[in-house]
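> The UniProt record's numbering puts the last residue of the sequence shown at 218; the count rises by one with no breaks. This is the structure, below, for whatever I ask next.
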Amino acid sequence: MTSTTTRPSTTPVEDPRAGTPPKLVRRPIAIAAGALVALAGGLGAGWLWNTLTNVDQVLVLVADVPRGAVIEAADLGVATLNADPLLKPVPASSRANVVGKRAAVDLSAGSLLTPTSSASDIQPAAGKSLVPFELTPAQATGLSLKVGDAVKVVDTPQAGAETVGNPASTSAVVAMIGVTESTGATIVSLEAPSTDAGVLASRIATGNVALVLESRER
Numbered sequence: 001m002t003s004t005t006t007r008p009s010t011t012p013v014e015d016p017r018a019g020t021p022p023k024l025v026r027r028p029i030a031i032a033a034g035a036l037v038a039l040a041g042g043l044g045a046g047w048l049w050n051t052l053t054n055v056d057q058v059l060v061l062v063a064d065v066p067r068g069a070v071i072e073a074a075d076l077g078v079a080t081l082n083a084d085p086l087l088k089p090v091p092a093s094s095r096a097n098v099v100g101k102r103a104a105v106d107l108s109a110g111s112l113l114t115p116t117s118s119a120s121d122i123q124p125a126a127g128k129s130l131v132p133f134e135l136t137p138a139q140a141t142g143l144s145l146k147v148g149d150a151v152k153v154v155d156t157p158q159a160g161a162e163t164v165g166n167p168a169s170t171s172a173v174v175a176m177i178g179v180t181e182s183t184g185a186t187i188v189s190l191e192a193p194s195t196d197a198g199v200l201a202s203r204i205a206t207g208n209v210a211l212v213l214e215s216r217e218r
């Protein structure tokens, strides 16, 4: 009796699971999210770089300096400040120009120095006095006063009285201007000779005076 041996086939059998590779599904939301993350990262890096590089060195007070006192080198320090168009500090490079000037206002340690913080001359100057003059909104209309304007305080007649001759007047210079929020009145500080200040203040107190703006032409 003859026996037959069957050999296994050498022909490769294809795996039914093998076939076309799966396609990647691109999700628009995921792509958009990735783009936003990349954009945010770029903006953040740009903001950080701008913050670290766009800085200024400015002058700051390291000691209290009362109004009218001379600002000394030891009163000033240097601080690094992010540039801001709303702030107008004095740059550190102007230190030499500030030293020797007088404080225009009371300066507190830790505060920034601004262009209006110091002045070459302090008011009132020697031999001068400051006399306040309160102008109602109606009186101030049309004057458009500025600091440094030359003015005259002229006597006016009382109600019903006649003007006789040339009225008395006193020359002065506008030193400061302010506004009272509650009444809208304009407060003008007039710099006048100390010898005239007392009489001028008394005349202003009567209310029978007017402020006259002199020519600005020099």
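Note that beta-carbon positions come from the ideal geometry of N, C-alpha and C, so glycine has one too. Since we're looking at a predicted model, the values are computed, not measured.
1) Just to confirm the assignment: which complete beta strand (DSSP E) runs, minimum length 3, are found wholly within the region 145 to 199?
2) Hey, quick one: how far does the beta strand (DSSP E) through Ala-79 stretch, first residue to last?
3) Check the C-beta distance from Arg-102 over to Val-151 and give it rounded, since I have them as a contact under 8 Å.
4) Between the region 114 to 129 and the region 193 to 203, are three or more C-beta pairs nearer than 8 Å?
5) Alpha carbon to alpha carbon, how far is Ala-172 from Val-62? Give it in angstroms, no decimals.
6) Quick one: complete alpha helix (DSSP H) runs, 4+ long, within the UniProt domain "SAF" (56 to 119)?
7) Would you call the CB atoms of Val-55 and Pro-89 closer than 7 Å?
8) Could you tell me the boundaries of the alpha helix (DSSP H) in which Gln-137 lies?
9) In or out: Leu-87 buried (at least 16 other Cβ within 10 Å) or exposed?
10) State the start and end residues of the unbroken beta strand (DSSP E) segment that holds Ala-126.
11) If the criterion is Cβ atoms closer than 7 Å, does the pair Leu-143 and Leu-200 meet it?
12) Taking the DSSP output, what are the residues bridged to Ala-210?
13) Going by beta carbon distance, what residues of the same chain come within less than 7 Å of residue 219, once the five residues before and after it are set aside?
14) Using a Cβ-Cβ cut-off of 8 Å (strictly less than) and excluding sequence neighbours within five positions of Ala-104, which residues of its own chain qualify?
15) Determine the closest residue to Leu-145 out of Ala-175, Glu-162 and Pro-124, with distance taken between C-alpha atoms.
In this structure, then:
1) Fully contained in the region 145 to 199 are the following beta strand (DSSP E) runs of length 3 or more, in chain order: 150 to 155, 169 to 179 and 186 to 193.
2) Here the beta strand (DSSP E) through Ala-79 covers 76 to 82.
3) That belief does not hold up - the Cβ atoms of Arg-102 and Val-151 are roughly 25 Å apart, past 8 Å.
4) Yes, since at least three Cβ pairs between the region 114 to 129 and the region 193 to 203 fall closer than 8 Å, the two stretches touch.
5) Rounded to the nearest angstrom, the two C-alpha atoms are 37 Å apart.
6) 95 to 98
7) It is not a contact, given that the beta carbons lie outside the stated cut-off.
8) First, the amino acid is wrong: residue 137 is Pro here, not Gln. Counting along the chain, the alpha helix (DSSP H) containing Pro-137 begins and ends at 137 to 140.
9) exposed
10) First-last for Ala-126: undefined, no H or E at that position.
11) No, Cβ-Cβ distance for Leu-143 and Leu-200 is not below 7 Å.
12) Val-154
13) The displayed coordinates of the chain run from 1 to 218. Any statement about residue 219 would go beyond what the structure contains.
14) Arg-67, Thr-116, Ser-117, Ser-118, Ala-119 and Ile-122
15) Ala-175
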